[in-house]
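Novice: Pasting a structure below so you can have a look.
This is the structure:
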């Protein structure tokens, strides 16, 4: 399995810089284009927001201040994109850059096609500490038409990857992606399946072998899926987790929370999420 393009959401944050390095690594290995995307968040230019902010931070508000904020954000974006392009070309990667205005996660999702791969930092850059808290990464993962690879602020060498497998289409695709990305990374694959009994574990293991052959470690464990996944990754010292995302539907998630959301908030690892666009989430 290969991708047509890699799209990187960049904002100058430590996590997005790490995502960029991994995008260059994957793009160079498969010789596919890497697009750096900087989104000017239109919410930061709303004058009512800026008026409220001025009273909190004590700066002088004046009509038309949003134009100055936009100019600042555009200049910042130009610099970030220029650095991205220079570093990518230095690495021998096919790079291009895009700057747009809108809601960051919406613009990134709009740019992507189902055959692409999105890379993004789990924590983006805050314009003002403590004032704007965004869930761009989670919204991208929930709505993207393609797999999303999210990176925390701490970089690490990816030597051991856990693939959470439940027999559904999303997790089968996660297996296929783990096999493809093994080429540039050279990691070991650990497949984790949360099962009810030994018979189910054997069935899942056979399904995994059809995709990965013998080059993996398989574990069938009973328990609550999200808790088993988190504890397994910690105990086995995994460097990344690949899994299907948001497959239970909005009603169950509202009452119980989703496995994806729990894992995302309890594991500080690179996380590759696969969600079919036609699935509820």
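Residue numbers (this note's numbering): 261 to 541. Beta carbons: idealized from backbone N, C-alpha and C, even for Gly.
#1: Using 8 Å for Cβ pairs, my map puts residue 435 next to residue 490. What's the rounded Cβ distance?
#2: Do residue 412 and residue 529 have their C-beta atoms within less than 8 Å of each other?
#3: On the criterion of 16 or more Cβ atoms from any shown chain inside 10 Å, does residue 382 qualify as buried, or is it exposed?
#4: Taking the CB atoms as reference points, tell me whether residue 267 and residue 368 lie closer together than 8 Å.
#5: Roughly how many whole angstroms lie between the Cα atoms of residue 400 and residue 366?
#6: Only counting the same chain, and skipping five residues up and downstream in sequence, which positions put a Cβ closer than 8 Å to that of residue 485?
#7: Taking 7 Å as the cut-off, is the CB of residue 277 close to at least one heavy atom of the ligand NAP?
#8: In three-state terms, what does DSSP make of residue 339?
#9: Determine which residues share a DSSP beta bridge with residue 410 and list them.
#10: Measure the Cβ-Cβ separation of residue 468 and residue 451 and say whether it is below 8 Å.
#11: Note the first and the last residue of the continuous alpha helix (DSSP H) segment covering residue 443.
#12: Helix, strand or coil for residue 505, going by three-state DSSP, please let me know.
#13: Can the beta-carbon of residue 408 be found less than 8 Å from the beta-carbon of residue 499?
#14: Using DSSP bridges, identify the partner residues of residue 499.
#15: If we call anything under 8 Å between Cβ atoms a contact, is residue 327 one with residue 296?
#16: Could you tell me the boundaries of the alpha helix (DSSP H) in which residue 279 lies?
#17: Looking at residue 354 and residue 274, is the spacing between their C-beta atoms short of 8 Å?
#18: Just to confirm the assignment, what range does the alpha helix (DSSP H) spanning residue 459 have?
#19: Among residues of its own chain, excluding the 5 on either side of residue 405, which ones have a beta-carbon nearer than 7 Å to its beta-carbon?
#20: In whole angstroms, give me the CA-to-CA distance for residue 333 and residue 446.
#21: According to DSSP, which residues form a beta bridge with residue 451?
Specialist: Considering the structure as presented:
#1: With a beta-carbon spacing of about 20 Å, residue 435 and residue 490 fall beyond the 8 Å limit used to define contacts.
#2: Inclusion of residue 412 and residue 529 in the CB contact set at 8 Å is warranted, their separation being smaller than that value.
#3: It counts as buried.
#4: Yes, Cβ-Cβ distance for residue 267 and residue 368 is below 8 Å.
#5: Taking C-alpha positions only, residue 400 is separated from residue 366 by approximately 7 Å.
#6: The beta carbon of residue 485 is closer than 8 Å to those of 424, 426, 454, 519 in its chain, skipping five residues each way along the sequence.
#7: This structure does not include the ligand NAP; it has no bound ligands of any sort.
#8: Under the three-state reduction of DSSP output, residue 339 falls in the helix class.
#9: Residue 410 pairs with 380, 531.
#10: Judged by their CB atoms, residue 468 and residue 451 are nearer to each other than the 8 Å cut-off.
#11: For residue 443, the uninterrupted alpha helix (DSSP H) segment begins and ends at 429-445.
#12: When DSSP states are grouped into helix, strand and coil, residue 505 belongs to the coil group.
#13: Taking the C-beta atoms as reference points, residue 499 is found no nearer than 8 Å to residue 408.
#14: The partner list for residue 499 (beta bridge, DSSP) is empty, contrary to what the question assumes.
#15: No. Outside cutoff.
#16: Boundaries of the alpha helix (DSSP H) around residue 279: 274-290.
#17: Taking 8 Å as the Cβ cut-off, residue 274 and residue 354 do not qualify as a contacting pair.
#18: Unbroken alpha helix (DSSP H) run through residue 459: 458-472.
#19: Counting only Cβ-Cβ distances below 7 Å, and skipping sequence neighbours, we find 372, 373, 374, 537.
#20: The alpha-carbon atoms of residue 333 and residue 446 are separated by roughly 39 Å.
#21: Partner(s): 423, 478.
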